[in-house]
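According to the numbering used here, the stretch in the sequence shown is residues 2 to 337, in order.
Where is the CB? At the ideal position from N, CA and C, for every residue including glycine.
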Amino acid sequence: MRDRTSRIRGRLPQAIEEPVIAKVEADAFPVIWLAFSSDTLSPLQINDLINRVVKPRLQTVTGVADVRIYGERKYAMRVWLDAERMAAYRLTPQDVEDAIRRSNLELPAGRIESQQREFSVTSQTDLIKAGQFGDITIRNVNGFPIKIRDVAKVEEGAADDRSRVRLNGKASISAGVIRQATANPLELSKGVREMMPRLQQDLPGDVTIDVANDNSVFIDKSIKSVFQTIVEAVVLVALVIFVFLRTFRASIIPIVTIPVSLIGTFAMMALAGFTINTLTLLALVLAIGLVVDDAIVMLENIFRHIEEGLDPFSAAIKGAKEIGFAIVAMSLTLAA
């Protein structure tokens, strides 16, 4: 994809942003989303609090790989040019940009060394407020300086406001917590939720923290659904066998068969490197029916020989020989 995109890059307009081609993996999506909002603080101030306070604290939770901010509002100085004034002074946006670059320089000024540490020294600009940027001189015309405030409005704002996050209609800044590849999403979500009260103490009183989305809730419900399905399958199979074969001992066999089969399945999953996720849980739910079918067929065939007069041990040997290969072949076919 990168090679083919680079081949046609020359045909695309020069002003467009460079195409981004990246591999998207399931682990790259946040497990839990936190939304931060306030009635008094601006989005810029909330964004600053998230970067300075929230993000470092969340990264200490076990299993966290990264914390991404959505609807981010990075602090910037925005210069809104007036086209008519620019034309009157015969200025271009490039002239304004060059003037800002000349005045807003940060240069290395050496270093400070000691026996234990070394510090880099940088000479920073003194341009901090909007008025200071407005006083920057673009050029001199006949001895009169043309300043940025003469052709533009300068104000503090967000570097990029093309994306917005709202929770229940309220403007918010969201933080998405991404797990490590080997981390348990349930434990990660639990750790983040336990961290929330401590985060609330470190933030201003009117800043609220809400859980916008938590994928671990769906995973937890899926796991509970699997166990519920197992219990229902065991009860129904035991009931059906008891009703039709009229023996309690025969009903115990599938009750033992299903858990033993699942234990073996989990062991093979661990050896193969599979994790418990939505797909593997769905596969377990489907496989329970296959396990139950095999157990019922084998049990019914053995019970038929017992009714014909064979002792239980001989009936088990003969019944297994008759259909054992067919059941194994059927199971292998379905597994493949």
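Output the boundary residues of the alpha helix (DSSP H) element that contains residue i.
i    : result
R79  : No alpha helix (DSSP H) contains R79, which is instead part of the beta strand (DSSP E) from 76-82.
D294 : 279-308
F37  : No alpha helix (DSSP H) contains F37, which is instead part of the beta strand (DSSP E) from 33-38.
S104 : 94-104
S190 : 186-203
D58  : Looking at the sequence provided, one finds Arg at residue 58 rather than Asp. Unbroken alpha helix (DSSP H) run through R58: 56-59.
P14  : No alpha helix (DSSP H) holds P14; DSSP gives it neither H nor E.
F134 : 131-135
L388 : The displayed coordinates of the chain run from 2 to 337. Any statement about residue 388 would go beyond what the structure contains.
Does DSSP put residue i in a helix, in a strand, or in coil?
i    : result
D65  : As written in the sequence, residue 65 is Val, which differs from the Asp given in the question. Note: V65 maps to strand in three-state DSSP.
I147 : strand
A160 : coil
K319 : helix
V245 : Sequence inspection shows Phe at residue 245; the Val mentioned does not correspond to that position. Helix.
D4   : helix
V155 : strand
D211 : strand
T230 : helix
E114 : strand
T123 : strand
P109 : strand
I22  : coil
A220 : A quick correction: the sequence has Ile, not Ala, at residue 220. Of the three classes helix, strand and coil, the one that applies to I220 here is helix, per DSSP.
I70  : strand
Tell me which residue opens and which closes the beta strand (DSSP E) that residue i is part of.
i    : result
V142 : 138-142
A172 : 171-180
R167 : 166-168
CA-CA distance, residue i and residue j?
i    : j    : result
R165 : F120 : 39 Å
V244 : S252 : 9 Å
I297 : L283 : 22 Å
A271 : I277 : 9 Å
A288 : R180 : 29 Å
M197 : I210 : 7 Å
R3   : P20  : 9 Å
G144 : D162 : 39 Å
G206 : S38  : 11 Å
Answer yes or no: the CB of residue i versus the heavy atoms of the ligand COA, is any distance below 7 Å?
i    : result
L280 : Looking at this structure, you won't find the ligand COA or any other ligand, since it has none at all.
Report, in whole angstroms, the separation of the C-beta atoms of residue i and residue j, which I expect to be a contact under 8 Å.
i    : j    : result
S175 : I33  : The Cβ separation is near 11 Å, so there is no contact.
I328 : L300 : With 8 Å as the limit, I328 and L300 do not qualify as a contact, their Cβ atoms being about 11 Å apart.
Is there a Cβ from chain C that is less than 8 Å from the Cβ of residue i?
i    : result
K154 : In the displayed structure, chain C is absent; only one protein chain is listed.
Is the stretch 39-51 touching the stretch 72-89 in the sense that three or more CB pairs, one from each, lie closer than 8 Å?
-> Yes: the two stretches touch, three or more of their Cβ pairs being nearer than 8 Å.
Query raised in the report: Three or more C-beta pairs closer than 8 Å, one from the stretch 230-243 and one from the stretch 168-187: is that the case here?
Result: Three or more Cβ pairs closer than 8 Å define a contact, and the stretch 230-243 falls short of that threshold against the stretch 168-187.
When the Cβ atoms of the stretch 98-106 are set against those of the stretch 134-143, are three or more pairs found closer than 8 Å?
The stretch 98-106 vs the stretch 134-143: in contact.
> Is the stretch 299-319 in contact with the stretch 208-223, if contact means three or more CB pairs nearer than 8 Å?
Replying inline: The stretch 299-319 is not in contact with the stretch 208-223.
*Contact the stretch 258-270 vs the stretch 315-329: 3+ CB pairs below 8 Å*: Segments in contact, no.
Answer yes if the stretch 78-97 comes into contact with the stretch 147-158, meaning at least three C-beta pairs across the two stretches below 8 Å, and no otherwise. Counting Cβ pairs under 8 Å, three or more are found: they touch.
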